[in-house]
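Colleague: Can you read through this structure? Questions will come right after.
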Amino acid sequence: MKAKKTKGFKKNLSFYRINFSFQPPYQLVFDGNFIKQMLDHNVDLDKQLFKYTKAKIWKHTTICVLRELTSLQHLFPRVFKYAQGLSKINCKHIEGVSPAECLIDIVKPKPEFGGDNNYFWICTQDDELRSNLLQIDHVPVCYLFQNNLFEMAEPSRTCKMRIQNLKELKYLPNEQEKQIIMPIKKEIKQQQAEKRMEKERKLAQELAIKIKKPAKGPNPLSVKKKIGKVTKSIKKRRHKIKNKKTRRQNKQCVNNEIIEQNS
């Protein structure tokens, strides 16, 4: 479970870093609920954050949160003392508002300041506040999962869709660019088709030409008659001759036949 949560945290952090330019040192803003949960379960937040981010962390709270904890310090003295040690963000709520309204207000872009984002991570255990904060695209929302694991909530679906649309508008061509690109694309396709047809024509011409090799004659050694060998029929005839006269005649006949065969 810890390994999966670590991967999820890093994935969500990289989303905010790439799309909203969050850079270290990261600035975390705590509310009273988060501080109480962290102290009750002895969470070593600095160790976990360094393990996840490998960067410096600045921890803050707001004057409105501290004002609420001041009124509850007799019930939660540890929480009040811890919040006093954090740096205070001047939320400029003179009359004071609820911590939830204060945290939502400080992360909203202010038109009077150029509409720039405040790069704050809001850390809270309040489910309703988390759901409201996730409707603001550029705000990482963090909480303690299973009371002791620091986790960053996944960006909302609408936020992901807006980022996807912005990327398409940024990287895909507009109508004017399409009008320039389309004729070039057609010309390139036509050139490729012509090259392909030329290759096919050359290949067809090469296959149509058949090289005729001259016919080979018989092996002269196989055609040559053998010399000095007498056929079996001649040998049989020689053994049958008994008379000297006939043997001479037959011998002469055999020699004539041998000469004729050798010639």
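Residue numbers (this note's numbering): 57 to 319.
Ideal Cβ placement from N, Cα and C applies to all residues, glycine included.
#1: I need the boundaries of the beta strand (DSSP E) containing M84, first residue and last residue.
#2: Would you call the region 65-76 and the region 187-206 in contact, with 3 or more CB pairs under 8 Å?
#3: What residues in its chain sit with their C-beta under 7 Å from that of Q191, if we drop five residues either side in the sequence?
#4: With a CB to CB cut of under 7 Å and the five nearest residues on each side skipped, what residues in its chain are close to Y72?
#5: With F201 as the anchor, note down where its beta strand (DSSP E) starts and where it stops.
#6: Whose CA, out of L122, L128 and A156, lies closest to the CA of I145?
#7: Following the continuous alpha helix (DSSP H) through L222, name the residue where it begins and the one where it ends.
#8: CA-CA distance, G141 and C198?
#9: T117 bridges to which residues according to DSSP?
#10: Along the chain, where does the beta strand (DSSP E) that runs through I178 open and close?
#11: Identify the residues that DSSP records as bridge partners of L122: which are they?
#12: What residue range is occupied by the uninterrupted alpha helix (DSSP H) comprising L131?
#13: Apart from the five residues on each side of it in sequence, which residues of its chain come closer than 7 Å, Cβ to Cβ, to M238?
#14: Could you check if G88 is buried or exposed, using at least 16 other CB atoms within 10 Å of its CB as the buried criterion?
#15: Using only the alpha-carbon positions, how far apart do L189 and E231 sit?
Modeller: Let me lay it out:
#1: According to the sequence as given, residue 84 is Leu; it is not Met. First-last of the beta strand (DSSP E) with L84: Y82 to F86.
#2: yes
#3: S212
#4: F78 and P196
#5: V197 to F201
#6: L122
#7: R213 to Y227
#8: 20 Å
#9: K144
#10: F176 to C179
#11: Its beta-bridge partners do not exist; DSSP assigns none.
#12: Run containing L131: none; DSSP gives neither H nor E here.
#13: none
#14: buried
#15: 36 Å
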